[in-house]
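Q: For the sequence shown, numbering that gives the first Met the number 0 assigns the number 0 to the initial residue and increments by one for each residue that follows.
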Amino acid sequence: MKGKVESLLTQGKLPRHIVVIMDGNGRWANRKGFDRISGHKEGMKSVKSVVKASRELGIKAVTLFAFSAQNWKRPKSEVNALMELLKEYLIKEVNRLVEKEIKLNAIGRLWELPSDVYEVLVKTIEKTKLCKEMTLTLALSYGGREEIIDAIKKIISDGISPEDLHEEIFSQFLYTSNLPEPDLLIRTSGEIRLSNFLLWQLAYTEIYVTKTLWPDFKKKHLIRALINYQNRERRFGLTSDQIRKREVN
Ligand code: FPP
Numbered sequence: 000m001k002g003k004v005e006s007l008l009t010q011g012k013l014p015r016h017i018v019v020i021m022d023g024n025g026r027w028a029n030r031k032g033f034d035r036i037s038g039h040k041e042g043m044k045s046v047k048s049v050v051k052a053s054r055e056l057g058i059k060a061v062t063l064f065a066f067s068a069q070n071w072k073r074p075k076s077e078v079n080a081l082m083e084l085l086k087e088y089l090i091k092e093v094n095r096l097v098e099k100e101i102k103l104n105a106i107g108r109l110w111e112l113p114s115d116v117y118e119v120l121v122k123t124i125e126k127t128k129l130c131k132e133m134t135l136t137l138a139l140s141y142g143g144r145e146e147i148i149d150a151i152k153k154i155i156s157d158g159i160s161p162e163d164l165h166e167e168i169f170s171q172f173l174y175t176s177n178l179p180e181p182d183l184l185i186r187t188s189g190e191i192r193l194s195n196f197l198l199w200q201l202a203y204t205e206i207y208v209t210k211t212l213w214p215d216f217k218k219k220h221l222i223r224a225l226i227n228y229q230n231r232e233r234r235f236g237l238t239s240d241q242i243r244k245r246e247v248n
């Protein structure tokens, strides 16, 4: 049965691809007098909740910013704990992902991950590769500028000539080449910035910022974000009039 908030959603107008900056784990822990790792552990529960809810709602793609290229500079103990949590998530969730038809994908400089984490990641991707209902992408050792640099290097090494280079070709060289453009970016904990996340891809994405800290962000918060999204008018540089006419035709 649908909850009261969920019934406010218009089924036909759901975002195809939601991307999330899961921020505020440290502050959540701090406010409760716990160590930062406890915040990340609690954050993992929100990951499970948001993935489950997205699948139930019929969202086709969810991308989570789980570890940035800059996060390596955090204290070693925190980096190690995050890597262990990631491994734990993949090992414990793989069967559920298969059962729910969720394909796992990863973007970022994955070769920088510790080899044990990389191996589990590759195995999980392999085990879920035929799943068709939703794609869950984890951004790991990911940075938007790094992604653009990696794309340019590949474009040069593939010998693409300047006259052949246009937006669609460029997009094919990004880590996200197999994903639809993000429709909605959710950032938790009230910070209003992109933090080097999907810099190219977010060009026309609707941005939703909530003060809720990531460990507190659950299904009802996701639905609030979706309702907010459904009340936006996406214009892609056109006028309201033009958009309305396009909707009628
Ligand atoms: C940002 O909060 C969050 C992270 C750097 C890590 C996100 C990781 C998880 C949610 C857990 C594991 C993830 C998966 C996919 C299993 P912060 O630590 O920067 O918070 P703060 O700004 O309050 O310090």
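We put the beta carbon where it would ideally sit given N, CA and C, even for glycine.
Considering only DSSP beta bridges, list what Y207 is partnered with.
A: Taking the sequence shown and counting its residues from 1, one reaches residue 207 at position 208. The partner list for Y207 (beta bridge, DSSP) reads I185.
Q: For the candidate residues V78, T134, Y88, whose alpha-carbon lies nearest to that of L112?
A: Residue mapping note: residue 112 aligns to position 113 of the sequence shown, counting from 1. Selected option, being the one with the closest Cα: V78.
Q: Starting from L139, follow the beta strand (DSSP E) in both directions and report where the run begins and ends.
A: Along the sequence shown, read from residue 1 onward, the residue named residue 139 stands at position 140. 133-141 is the span of the beta strand (DSSP E), which, as asked, contains L139.
Q: Taking only three categories from DSSP, how would you classify T123?
A: The residue labelled residue 123 in the question sits at position 124 within the sequence shown. If DSSP states are grouped into helix, strand and coil, T123 belongs with the helices.
Q: Expressed to the nearest angstrom, what Euclidean distance is found between the alpha-carbon atoms of N29 and A138?
A: As a first step, residue 29 must be located in the sequence shown, where it is residue number 30. As a first step, residue 138 must be located in the sequence shown, where it is residue number 139. For N29 and A138, the distance between alpha carbons rounds to 25 Å.
Q: Expressed to the nearest angstrom, what Euclidean distance is found between the alpha-carbon atoms of A68 and G142?
A: Along the sequence shown, one-based indexing puts residue 68 at 69. Along the sequence shown, one-based indexing puts residue 142 at 143. Approximately 5 Å between the Cα atoms of the pair.
Q: With 16 as the cutoff for other CB atoms within 10 Å, does S53 come out buried or exposed?
A: One-based indexing of the sequence shown puts residue 53 at position 54. Per the 10 Å Cβ criterion, buried.
Q: Please name the residue or residues paired with S67 in a DSSP beta bridge.
A: Locating residue 67 in the sequence shown gives position 68, counting from the first residue. In the DSSP output, where bridge partners are listed per residue, S67 has Y141.
Q: Check each candidate in H16, E246, K131 and name the one with the smallest Cα separation from T62.
A: By 1-based counting over the sequence shown, the position of residue 62 is 63. Comparing Cα positions, the closest option is H16.
Q: Could you compute how far the alpha carbon of W213 sits from the alpha carbon of Q171?
A: Within the sequence shown, numbered from 1, the residue matching residue 213 stands at position 214. Within the sequence shown, numbered from 1, the residue matching residue 171 stands at position 172. Answer to the nearest angstrom: the Cα atoms are 31 Å apart.
Q: Below 8 Å CB to CB, which residues in the same chain sit around Y207 once its five sequence neighbours on both sides are set aside?
A: The residue you call residue 207 lines up with position 208 of the sequence shown. Once the five neighbours on either side are set aside, the close Cβ partners of Y207 are L183, L184, I185, R186, A224, N227, Y228.
Q: For K102, is the classification buried or exposed, using 16 other Cβ atoms within 10 angstroms of its Cβ as the cut-off for buried?
A: As a first step, residue 102 must be located in the sequence shown, where it is residue number 103. With 16 or more Cβ atoms within 10 Å of its Cβ, K102 is classed as buried.
Q: The beta strand (DSSP E) spanning N104 covers which residue range?
A: Numbered from its first residue, the sequence shown carries residue 104 at position 105. Per DSSP, N104 belongs to the beta strand (DSSP E) from 101-106.
Q: When DSSP labels each residue in this structure, what does I58 get in the three-state scheme?
A: Looking up residue 58 in the sequence shown gives position 59. Correct three-state label for I58: coil.
Q: Confirm the yes/no value for this check: CB of M43, any heavy atom of the ligand FPP, distance under 8 Å.
A: Position 44 of the sequence shown, counting from 1, holds the residue named residue 43. Under cutoff, so the answer is yes.
Q: If you compare alpha carbons, which of L96, L198, V121 is closest to V50?
A: By one-based count along the sequence shown, residue 50 stands at place 51. For the residues L96, L198, V121, the minimum Cα distance to V50 belongs to L96.
Q: Given this structure, state the Cα-to-Cα distance separating K75 from V116, to the nearest angstrom.
A: Looking up residue 75 in the sequence shown gives position 76. Looking up residue 116 in the sequence shown gives position 117. Near 16 Å, if we compare the C-alpha coordinates of V116 and K75.
Q: Measuring straight from C-alpha to C-alpha, what distance separates E87 and L237?
A: For this step, residue 87 is matched to residue 88 along the sequence shown. For this step, residue 237 is matched to residue 238 along the sequence shown. Cα to Cα, E87 sits roughly 46 Å from L237.
Q: Measure the alpha-carbon distance for L85 versus G25 and round it to whole angstroms.
A: For the purposes of this step, residue 85 is taken as the residue at position 86 of the sequence shown. For the purposes of this step, residue 25 is taken as the residue at position 26 of the sequence shown. The alpha-carbon atoms of L85 and G25 are separated by roughly 17 Å.
Q: Using only alpha-carbon positions, find the residue among G11, K153, L197 that is nearest to L56.
A: Here residue 56 refers to the residue found at position 57 of the sequence shown. The option with the nearest alpha carbon to L56 is G11.
Q: Tell me whether A202, by its Cβ, gets closer than 8 Å to a heavy atom of the ligand FPP.
A: Stepping through the sequence shown from its first residue, residue 202 is reached at position 203. Result no, Cβ not under 8 Å from the ligand FPP.
Q: Per DSSP, which one or two residues make a beta bridge with V50?
A: Counting from one through the sequence shown, the residue named residue 50 turns up at place 51. None, per the DSSP bridge assignment.
Q: Over the uninterrupted alpha helix (DSSP H) stretch that includes H16, give me the two end residues.
A: Taking the first residue of the sequence shown as 1, we reach residue 16 at position 17. Unbroken run through H16 is the beta strand (DSSP E), 16-20; no alpha helix (DSSP H).
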